[in-house]
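Scroll down for the structure; my scribbles are underneath it.
Numbering (the working numbering), first residue to last: 40 to 172.
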């Protein structure tokens, strides 16, 4: 979703947010991949779409719709899709904090919660001001 913002978004602040999301997720994925390879190298890779927060975060994503929009229409739809995506990530991170004993995972989960709660707050503010009357 965030990759589309550079060429489709109207608001520079949304483009900046999207670039930050890409950077943050690349860093987080690299760190988790490193841990997975270090801690579970002998195990088969798994994808669990039933993990708490996964359905919430992924359910409303519609890239085809985003690809069909430009300008403020894109910006509004991006916010409509990204807010639940972030909410799902927060749900997953909170679940990890409650269930995990690994301090590195708990710290990463805390960082994700803090960053994405702030981004949700900002996105809600933009949504309110960018919507057509």
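Even glycine gets a Cβ: it sits at the ideal position worked out from N, Cα and C.
Determine the direct distance from the alpha carbon of residue j to that of residue i, and round the result to whole angstroms.
i: residue 111; j: residue 54; result: 12 Å
i: residue 78; j: residue 70; result: 12 Å
i: residue 66; j: residue 142; result: 18 Å
In its own chain, which residues sit with a C-beta less than 8 Å from the C-beta of residue i, not counting the 5 before and 5 after it?
i: residue 102; result: 40 and 43
i: residue 113; result: 43, 44, 47, 48, 49 and 105
i: residue 100; result: 40, 120 and 124
So what's residue i in DSSP terms, helix, strand or just coil?
i: residue 132; result: helix
i: residue 83; result: coil
Who are the Cβ neighbours of residue i in its own chain at under 6 Å, not counting the five residues just before and after it?
i: residue 155; result: 125, 128 and 129
i: residue 148; result: 132, 135 and 136
Considering only residues of the same chain and omitting the five flanking positions on each side of residue i, which have a CB-CB separation below 7 Å?
i: residue 108; result: 47 and 116
i: residue 118; result: 162, 165 and 166
What do you get for residue i, buried or exposed, if any count of 16 or more other CB atoms within 10 angstroms of its CB means buried?
i: residue 80; result: exposed
i: residue 57; result: buried
i: residue 68; result: exposed
(message) Could you check whether the stretch 54–68 touches the stretch 132–145, counting it as contact only if at least three pairs of C-beta atoms, one from each stretch, sit closer than 8 Å?
(response) no
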